[in-house]
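Everything in the sequence shown is counted per numbering that gives the first Met the number 0, starting at 0 for the first residue and increasing by one.
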Amino acid sequence: MSDSALPPRIPLFPLPLVLFPGQLKALRIFEPRYRIMLQDCLESGHPFGILLVRNGDETPAALPRIGTTAHIVQVVRQEDDTFAIQIYGGERFRVEGFLHDRPYLRADVTPFPLREAESPVAYDLARHVERLLPQYLDALTEASGFRFNIQTIPGEPEQLAYLAAIALQANNDTKQGLLASPSCPRLLASEIHLLAREMDLMAWITATLEHTNARAFGTANDLSLN
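(1) Taking all protein chains shown into account, decide if K108 is buried (16 or more other Cβ within 10 angstroms of its Cβ) or exposed.
(2) Got a sec, what are the start and stop residues for the beta strand (DSSP E) D107 sits in?
(3) Could you work out which residue in D79, P156, Q134 is closest to R146 when comparing CA atoms only?
(4) Helix, strand or coil for T81, going by three-state DSSP, please let me know.
(5) Using the Cβ count rule (16 or more neighbours within 10 Å means buried), how would you classify V72?
(6) Are the beta-carbon atoms of F226 and T67 separated by less than 9 angstroms?
(7) Locate the beta strand (DSSP E) running through V120, then write down its first and last residues.
(8) Compare the C-alpha of V75 against each of W203, F111, R27 and name the closest.
(9) Is it the case that the region 90 to 108 contacts the region 125 to 133, given that we only count it when at least three CB pairs across the two stretches are under 8 angstroms?
(10) Rounded to whole angstroms, what is the Cα-Cα separation between T205 and A142?
(11) Take A138 and list the residues in its own chain whose beta-carbon comes closer than 6 angstroms to its own, dropping the five residues that flank it on each side.
(12) Taking the CB atoms as reference points, tell me whether S182 and R114 lie closer together than 9 angstroms.
(13) Assuming D56 contacts P10 under a Cβ cut-off of 8 angstroms, what Cβ separation, rounded to an integer in Å, is found between them?
(14) With DSSP as the reference, please indicate the residues paired to H99 in a beta bridge.
(15) Just how far apart, CA to CA, sit D79 and A69?
(16) Of the residues E95, R64, R105, which one's Cα is nearest the Cα of P46?
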């Protein structure tokens, strides 16, 4: 899922979000230390790594060891000297050690590829996700009133697994659990469970709201101008 080899040492940008390989994201850089990091990345051509921050705690002991590299695709300097940047998720990495030798945090990292992505079981599970994902997006659209749509659903298990992880409307802890999945079959199996659970929940909420509205306002046949 990456365009180049993972550098053995990368800058880190701890954030309250989980980035997946292939995901596009807009960020705003305003802290001086991360403006320095951005400049260093632009000069070196290397990505930085994103790790999930929980409860605002950016200390290394509180950070997860699995993250994703962020490749910079666009940088726009704002009038207030902040930077609006566009990134996309490259590859997963594992932190082997943290370094405090810059104004920002850095880490020694190793690749954390998704194992068994070409296995028969991965392709079998991918077919289930391929069927469930459009149903989930339709249910999400109905429940929220906003249109959720994916133009093309990939057939490769790894790409499909990451797409489903991006699409799932889940909290950061759940997303981090998906990101840290050691294998493609494990990731796809988790997504099948989550997709089915979320669709059941949305169906229950929709039915409950319809029942509540019917009791409060009556059915169309009950309406009268008298």
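For each residue, glycine too, the CB sits at the ideal point set by N, CA and C.
According to the data block:
(1) As a first step, residue 108 is located in the sequence shown; it is residue number 109 there, counting from the start. Inspection of the sequence shows that residue 108 is occupied by Val rather than by Lys. Buried: at least 16 other Cβ atoms inside 10 Å.
(2) For this step, residue 107 is matched to residue 108 along the sequence shown. First-last of the beta strand (DSSP E) with D107: 105 to 110.
(3) Counting from 1 along the sequence shown, the entry for residue 146 is found at position 147. Ranking the options by Cα distance to R146, first place goes to Q134.
(4) As a working mapping, residue 81 is identified with position 82 in the sequence shown. Coil at T81, not helix or strand.
(5) On the sequence shown, residue 72 is found 73 positions in, with the first residue counted as 1. So V72 counts as exposed.
(6) Any answer about residue 226 is impossible in this case: the structure gives the chain only from 0 up to 225.
(7) Locating residue 120 in the sequence shown gives position 121, counting from the first residue. That residue, V120, is in no beta strand (DSSP E); its alpha helix (DSSP H) goes 119 to 143.
(8) In the sequence shown, the residue the question calls residue 75 occupies position 76. The residue with the shortest Cα to Cα distance from V75 is R27.
(9) no
(10) Locating residue 205 in the sequence shown gives position 206, counting from the first residue. Locating residue 142 in the sequence shown gives position 143, counting from the first residue. The alpha-carbon atoms of T205 and A142 are separated by roughly 7 angstroms.
(11) What you label residue 138 is simply residue 139 of the sequence shown in a count that begins at 1. Here the set comprises M198, M201.
(12) On the sequence shown, residue 182 is found 183 positions in, with the first residue counted as 1. On the sequence shown, residue 114 is found 115 positions in, with the first residue counted as 1. Against a cut-off of 9 angstroms, the Cβ pair of R114 and S182 comes out as a contact.
(13) Taking the first residue of the sequence shown as position 1, residue 56 is located at position 57. Taking the first residue of the sequence shown as position 1, residue 10 is located at position 11. Actually they are not in contact, since the Cβ atoms of D56 and P10 sit about 19 angstroms apart, beyond 8 angstroms.
(14) Along the sequence shown, read from residue 1 onward, the residue named residue 99 stands at position 100. In DSSP, H99 forms no bridge with anything.
(15) Counting from one through the sequence shown, the residue named residue 79 turns up at place 80. Counting from one through the sequence shown, the residue named residue 69 turns up at place 70. Looking at the two C-alpha atoms, the distance is approximately 24 angstroms.
(16) Position 47 of the sequence shown, counted from the start, is the residue given in the question as residue 46. Of the listed residues, the one whose Cα sits closest to P46 is R105.
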